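As structure tokens, the structure follows; a few thoughts come after it.
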Amino acid sequence: MISALALLSLWLGVIFVLLGALGLARFPDIYNRMQAATKCVTLGVCGIMLGVFLKTGFSALGIKALICALFILITVPVSSHALARGSLIAGVKLWKGTIKDKFTEDRGGKSIIEEEK
Amino acid sequence: MAKRIAYFIAGVIVWVLLSWTLHYQEVLAGVAVSAIAAGMFGGNLPLKASKLLNPVRWFWLLVFIPVFIWQCLKANIDVAMRVLSPGLNLKPGIVKIKTNLKSDIARVFLANSITMTPGTLTVEIKDDNLYIHWIEVRSEDPEECARMIKGPFEFFLARIFD
């Protein structure tokens with residue numbers, strides 16, 4: 497039973513990582529890609545770690561996997577925020593289908609929405 | 003000093019969990035390393051030590067965890083559907099929302115939680131305002147945006163950290 501749950505968790509994790517990678521390839525600009533990379537990959541890796549924990553139980557390996565999952569959950573949003581903020585400040589353009597850009601508006605710059613008009 | 007002690011205890015707990023043995027040599031090494039780390043960095047802990055001892059805050063943290071996991075799962079299914087839909091179904095934009103949280107640590111956790119929820123990614127924090135990249139802008143009105151994006155998080159985080 498536990499073994500089946502572990503396998504299910506591992507498979508769900510792998511599928512979400514795959515979807516995250518697919519999103520990374522399909523989405524149009526860095527900000528949208530970051531969304532796929534953060535959400536799917538975090539849950540995917542946490543699923544894999546949970547699978548390892550269920551498989552091995554309360555052993556050195558299982559507990560390490562759980563702590564890894566916790567650290568990933570805390571650090572991935574921070575790093576994605578840093579990357580997105582860095583590219584925004586460095587002036588990486590948003591996708592042309594973007595419908596609102598409050599950040600550039602507030603800075604007094606020319607947003608991609610006005611350029612399209 | 004209280005901050006350093008809290009940092010030291012957390013360090014020892016993580017060390018013991020990671021090494022997963024109570025052999026005295028391992029524990030002694032953990033105590034030494036935690037003491038050095040606490041001496042060097044403990045003062046930077048962005049929490050008041052008195053807050054760490056308040057059981058009400060811990061209770062709200064326990065309530066917050068399932069809410070967070072549920073939001074996280076919803077986020078993943080949402081993004082997965084978008085990745086798999088043929089036309090991608092995107093209407094992205096950057097919106098600005100205002101937060102009422104006061105302490106830095108609470109804002110950090112709000113930004114992190116927002117990043118983990120459906121279609122939103124915090125790109126910048128300036129004063130009380132958060133700039134959020136939203137994969138599907140569903141509202142132009144700042145009040146409604148804030149309500150939709152922050153969801154239940156601010157309520158819990160104010161009780162845990164502020």
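Which chain is which? The protein sequence lines are A and B, in order.
Mapped onto this note's numbering, the consecutive letters of the first sequence carry residue numbers 497 to 613.
Mapped onto this note's numbering, the consecutive letters of the second sequence carry residue numbers 3 to 164.
Note that CB positions come from ideal geometry on N, CA and C, so glycine has one too.
As the structure is a prediction and not an experimental result, all values here were calculated from the model.
Who are the near neighbours of residue 84 of chain B in its chain, counting only those whose CB is closer than 6 Å to its CB and skipping five residues on each side?
91
For the alpha helix (DSSP H) that residue 514 of chain A lies in, which residues bound it at each end?
498-522
What is the residue span of the beta strand (DSSP E) that residue 136 of chain B lies within?
131-136
Start-to-end residues for the beta strand (DSSP E) that takes in residue 98 of chain B
95-100
Taking Cβ-Cβ distances shorter than 7 Å, what residues in chain A pair up with residue 96 of chain B?
596, 597, 598 and 599
How about the region 50-65 of chain B and the region 22-39 of chain B: do they share at least three Cβ pairs that are nearer than 8 Å?
no
Uninterrupted beta strand (DSSP E) stretches inside the region 27-101 of chain B (no shorter than 3 residues):
95-100
Whole-angstrom C-beta distance between residue 547 of chain A and residue 509 of chain A, which should lie under 8 Å:
6 Å
CA-to-CA distance, residue 502 of chain A to residue 565 of chain A, given in whole angstroms:
15 Å
Partner residues on chain B for residue 576 of chain A, Cβ-Cβ distance less than 7 Å:
117 and 123
Is the shortest distance between the beta-carbon of residue 135 of chain B and the beta-carbons of chain A less than 8 Å?
yes
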